[in-house]
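Numbering (this note's numbering), first residue to last: 4 to 130.
Heads up, the beta-carbon is just placed ideally off N, CA and C, and yes, glycines get one too.
Structure first, then comments.
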């Protein structure tokens, strides 16, 4: 380093920032909401922050479970853990693609990487 402390932050995008209440939650709405939610992220990057973005998936996993149930007689069901992993990859792609496009449009040369992650939940967690 050059004597200056690097600015780092974690930014969490809630699942409701990507699928908003009273919306259908289709992929076009999700991309549009994701792009809007990244305005503040872009500003932080301009200020020199190195960021880690994380996201929720509440509305998305609910919709995915409905799709699994609706297709139950046509294809084998997918367990919740696999649905969450699938959403993690898809949402990571959507956020990463939207952010990369925004950086390119603003002439900012930063790399964007999407990393799926697993979370351990306490078996006694009341939720």
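Excluding five sequence positions before and after residue 101, the CB atoms of its chain that fall closer than 7 angstroms to its own CB belong to 34, 37, 38 and 41, given in chain order. Bridge partners of residue 11 according to DSSP: 53.
In the DSSP assignment, residue 72 falls within the alpha helix (DSSP H) that extends over 61-73. Around the beta carbon of residue 57, a 10 Å sphere encloses fewer than 16 other beta carbons of the protein chains shown; the residue is thus reported as exposed. If you look at residue 89, you'll find it in the alpha helix (DSSP H) that goes 83-108. It is roughly 43 angstroms from the alpha-carbon of residue 85 to the alpha-carbon of residue 7.
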